[in-house]
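Shown next, in structure tokens, is the structure this report addresses.
As structure tokens, this is what we get:
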């Protein structure tokens with residue numbers, strides 16, 4: 005199959021990275037990172053950084069407050085940090101007082117307790133539902149990070165959750181790229197029918213089959229050239245259908261862009277290139293205000309963010325012809 009080279013856009017479009025991770029293994033223990041072939045640090049220092057929402061990165065249990073304090077220090081120094089999705093101390097045992105204390109911290113716009121490690125039947129249990137309800141009672145969104153086989157339990161959890169707050173489904177629910185997507189499509193369509201749920205286009209690069217992944221972490225800063233080694237025509241083939249399916253089901257007012265850097269791409273992909281890659285894959289289905297919605301407006305509304313000052317010229321080379 006031939007792939008025509010795309011022409012960089014000449015217009016400038018405000019972009020928000022709704023899902024950015026930071027860590028420094030010399031500062032706090034994110035021990036899962038050590039075994040995941042990921043960079044030892046990401047400090048939000050790249051010159052082309054986007055206005056971003058920083059998302060907790062799975063710091064070891066007991067260090068959640070220290071992680072938030074560290075992220076807040078970065079936010080206070082860098083105006084491009086628009087908000088923080090904080091880890092929930094005590095997980096499903098968290099109380100409303102815990103959520104209230106998080107809501108009172110500056111820059112905290114939501115919370116996340118990673119649910120992808122839960123066993124069968126646990127996701128829709130009382131503890132998880134209560135934790136999300138406590139977040140909503142304190143005006144916080146809740147980011148839901150699960151694997152594709154857990155999406156059916158997300159639908160059960162939604163039926164039991166009696167709140168009007170917002171849930172953010174991270175990484176499109178981690179579709180099994182390169183495999184049969186029938187079950188994922190069915191579950192996503194069911195979840196999208198609930199107006200409380202919005203979805204992030206983040207994380208798909210990390211779900212690509214191993215042959216499409218970098219073999220090792222990149223120790224030096226990513227470049228436009230290193231991004232292209234990962235965001236290939238084959239990557240576009242794998243990611244296009246799930247992205248466009250999610251857009252059709254959720255609609256542009258409930259879709260956000262997110263890089264998931266440095267997890268996705270193992271440090272080889274610049275966040276700005278990942279966001280522009282998603283934009284180009286979705287652009288055939290979007291016009292005008294709808295494109296601006298997924299690029300920034302949805303994130304601003306969902307997380308209550310200030311309007312991003314920076315704009316980026318959409319100049320990613322996402323291949324066309326991925327049908």
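Residue numbers (my numbering): 5 to 327. Glycine residues also receive a C-beta, built at the ideal position from the N, C-alpha and C atoms.
### Cβ pair residue 85, residue 79 closer than 8 angstroms
yes
### Message
If you follow the beta strand (DSSP E) that residue 87 is in, where does it begin and where does it stop?
### Response
For residue 87, the enclosing beta strand (DSSP E) has its first and last residue at 85-91.
#### Entry: Residue burial classification, residue 143 (beta-carbon count within 10 angstroms, cutoff 16)
exposed
### Task
Please report the Cβ distance between residue 176 and residue 203, rounded to the nearest whole angstrom; I am assuming they are in contact, meaning their Cβ atoms lie under 8 angstroms.
6 angstroms
### Query
Which runs of the beta strand (DSSP E), 3 residues or longer, sit entirely within the segment 36-86?
56-59
### Task
Use the C-beta contact count for residue 155: other C-beta atoms within 10 angstroms, 16 or more gives buried, fewer gives exposed.
Of the other Cβ atoms in all chains shown, 16 or more fall within 10 Å of the Cβ of residue 155; this residue is therefore buried.
### Task
Evaluate contact between the segment 262-278 and the segment 33-52, counting only Cβ atoms and requiring at least three cross-stretch pairs below 8 angstroms.
The segment 262-278 vs the segment 33-52: in contact.
### Task
With residue 159 as the anchor, note down where its alpha helix (DSSP H) starts and where it stops.
155-164
### Message
So for residue 140, helix, strand or coil by DSSP?
### Response
helix
### Query
Buried or exposed: where does residue 21 fall if 16 or more other Cβ atoms within 10 Å of its Cβ makes it buried?
buried
### Query
So what does DSSP say about residue 18, is it helix, strand or coil?
strand
#### Entry: residue 276: first and last residue of the uninterrupted alpha helix (DSSP H) it sits in
275-286
#### Entry: Backbone secondary structure at residue 264 - three-state DSSP
coil
### Query
Whose C-beta lies closer than 8 angstroms to the C-beta of residue 119 among residues of the same chain, with five residues either side of it excluded?
127, 132, 148, 149, 150 and 154
### Task
Helix, strand or coil for residue 116, going by three-state DSSP, please let me know.
strand
### Task
Taking the CB atoms as reference points, tell me whether residue 208 and residue 180 lie closer together than 8 angstroms.
no
### Query
Thinking C-beta only, is residue 61 closer than 8 angstroms to residue 34?
One thing to note: residue 34 has its Cβ within 8 angstroms of the Cβ of residue 61.
### Proximity winner among 244, 73, 268 and 253, relative to residue 288 (alpha-carbon distances)
Nearest C-alpha to residue 288: 244.
### Query
What span of residues does the beta strand (DSSP E) with residue 341 cover, start to end?
Summary: the structure shown does not reach residue 341, with the chain confined to residues 5 through 327, and so no result is reported for it.
### Query
Terminal residues of the continuous beta strand (DSSP E) containing residue 106?
Counting along the chain, residue 106 falls outside any beta strand (DSSP E), though it belongs to the alpha helix (DSSP H) covering 100-107.
### Message
So, does the segment 254-267 touch the segment 288-303, judging by three or more C-beta pairs under 8 angstroms?
### Response
yes
### Contacting residues, own chain, Cβ-Cβ under 6 angstroms from residue 227 (five flanking each side not counted)
none
### Query
Do residue 309 and residue 298 come within 8 angstroms of each other at the CB atom, strictly closer than that value?
no
### Message
Rounded to the nearest angstrom, what separates residue 160 and residue 200 at their Cα positions?
### Response
Per the coordinates, the alpha-carbon of residue 160 lies some 14 angstroms from the alpha-carbon of residue 200.
### Query
With a CB to CB cut of under 8 angstroms and the five nearest residues on each side skipped, what residues in its chain are close to residue 58?
24, 25, 26, 48, 75, 78, 79, 85, 87, 88 and 89
### Task
Could you say which of 157, 191, 137 and 174 lies nearest to residue 166 if we only look at CA atoms?
137
#### Entry: Element boundaries [beta strand (DSSP E), containing residue 173]
171-173
### Task
Kindly indicate which residue of 32, 169 and 283 has the alpha-carbon position closest to the one of residue 65.
32
### Task
Go through its chain and collect everything with a Cβ distance to residue 260's Cβ below 6 angstroms, but skip five positions before and after it.
22, 204, 302 and 303
### Task
Mind checking who residue 168 pairs with in its DSSP beta bridge?
Answer by DSSP bridge pairing: none, since residue 168 is not bridged.
#### Entry: Beta-carbon gap between residue 113 and residue 106 smaller than 8 angstroms
No, the pair does not count as a contact, with Cβ atoms beyond the cut-off.
#### Entry: Whole-number beta carbon distance between residue 210 and residue 267, since they are thought to touch under 8 angstroms
6 angstroms
### Message
Just to confirm, is the Cβ distance from residue 221 to residue 42 under 8 angstroms?
### Response
In contact: residue 221 and residue 42 (Cβ atoms closer than 8 angstroms).
### Task
Put residue 23 into one of helix, strand or coil per three-state DSSP.
strand
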